[in-house]
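What follows is a single structure, written as C-alpha coordinates, with notes after it.
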Amino acid sequence: MRLKDIRYYSLVTLLALANAAFYTVFIMLGLREVFPSIEENFEVISAAMYIFLVVIGVAWGIPRLRTFFG
(Lines of atoms letter the chains of each structure in order from A and count residues from 1; the text may use other names and numbers.)
(Lines give C-alpha, C1' and ligand atoms only; values in the text may rest on other atoms or scores of the structure.)
Protein backbone atom coordinates (compact mmCIF):
# COMPACT_ATOMS: atom_id res chain seq x y z
CA MET A 1 0.00 0.00 0.00
CA ARG A 2 1.38 3.37 -0.96
CA LEU A 3 1.70 6.27 1.43
CA LYS A 4 -0.75 8.26 -0.69
CA ASP A 5 -3.39 5.55 -0.23
CA ILE A 6 -2.86 5.55 3.53
CA ARG A 7 -3.38 9.30 3.56
CA TYR A 8 -6.67 8.92 1.67
CA TYR A 9 -7.98 6.16 3.91
CA SER A 10 -7.00 7.87 7.15
CA LEU A 11 -8.53 11.18 6.10
CA VAL A 12 -11.75 9.52 4.97
CA THR A 13 -11.93 7.52 8.19
CA LEU A 14 -11.44 10.59 10.37
CA LEU A 15 -14.04 12.55 8.43
CA ALA A 16 -16.49 9.65 8.59
CA LEU A 17 -15.99 9.25 12.35
CA ALA A 18 -16.59 12.93 13.01
CA ASN A 19 -19.57 13.11 10.66
CA ALA A 20 -21.16 9.99 12.12
CA ALA A 21 -20.76 11.30 15.67
CA PHE A 22 -22.35 14.61 14.72
CA TYR A 23 -25.34 13.03 13.02
CA THR A 24 -25.80 10.31 15.63
CA VAL A 25 -26.19 12.90 18.37
CA PHE A 26 -28.89 14.84 16.57
CA ILE A 27 -30.73 11.79 15.24
CA MET A 28 -30.80 10.15 18.66
CA LEU A 29 -31.98 13.37 20.33
CA GLY A 30 -34.79 13.56 17.80
CA LEU A 31 -35.70 9.91 18.28
CA ARG A 32 -35.70 10.38 22.05
CA GLU A 33 -38.23 13.20 21.72
CA VAL A 34 -40.50 11.28 19.33
CA PHE A 35 -40.21 7.85 20.99
CA PRO A 36 -39.73 8.19 24.77
CA SER A 37 -39.68 4.40 25.14
CA ILE A 38 -36.32 4.30 23.33
CA GLU A 39 -34.56 5.04 26.65
CA GLU A 40 -34.20 1.39 27.61
CA ASN A 41 -32.13 0.53 24.50
CA PHE A 42 -30.62 3.96 23.90
CA GLU A 43 -26.95 2.90 24.07
CA VAL A 44 -27.40 -0.10 21.77
CA ILE A 45 -29.31 1.90 19.17
CA SER A 46 -26.76 4.73 19.35
CA ALA A 47 -23.83 2.36 18.86
CA ALA A 48 -25.50 0.57 15.95
CA MET A 49 -26.39 3.85 14.26
CA TYR A 50 -22.86 5.19 14.76
CA ILE A 51 -21.26 2.08 13.22
CA PHE A 52 -23.72 2.17 10.31
CA LEU A 53 -23.00 5.85 9.61
CA VAL A 54 -19.22 5.30 9.77
CA VAL A 55 -19.38 2.42 7.28
CA ILE A 56 -21.59 4.41 4.91
CA GLY A 57 -19.34 7.46 5.26
CA VAL A 58 -16.17 5.52 4.49
CA ALA A 59 -17.75 3.69 1.56
CA TRP A 60 -19.09 6.95 0.16
CA GLY A 61 -16.02 9.05 0.84
CA ILE A 62 -13.08 7.03 -0.51
CA PRO A 63 -13.90 7.30 -4.24
CA ARG A 64 -14.83 10.98 -3.95
CA LEU A 65 -11.71 11.90 -2.02
CA ARG A 66 -9.52 10.11 -4.54
CA THR A 67 -10.97 12.18 -7.37
CA PHE A 68 -10.68 15.35 -5.29
CA PHE A 69 -6.95 14.88 -4.71
CA GLY A 70 -6.39 13.58 -8.22
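Going by this note's numbering, the residue at position 16 of the sequence shown is 41; the numbering climbs one at a time, nothing skipped. Glycine included, C-beta positions come from ideal geometry on N, C-alpha and C.
| request: Compute the minimum distance between the beta carbon of residue 92 and the heavy atoms of the ligand ZN, and state whether it is under 7 angstroms. | output: Judged by which ligands are present, the structure shown has none, so any question about the ligand ZN falls away.
| query | What do you reckon, are the CB atoms on residue 78 and residue 43 nearer than 8 angstroms? | reply | no
| request: Return the residue from the list 33, 30 and 40 that minimises the CA-CA distance to residue 81. | output: 40
| task | State buried or exposed for residue 92, treating a residue as buried only when at least 16 other CB atoms are found within 10 Å of its CB. | result | exposed
| query | For residue 27, which three-state DSSP category applies? | reply | coil
| query | Does DSSP classify residue 60 as helix, strand or coil? | reply | coil
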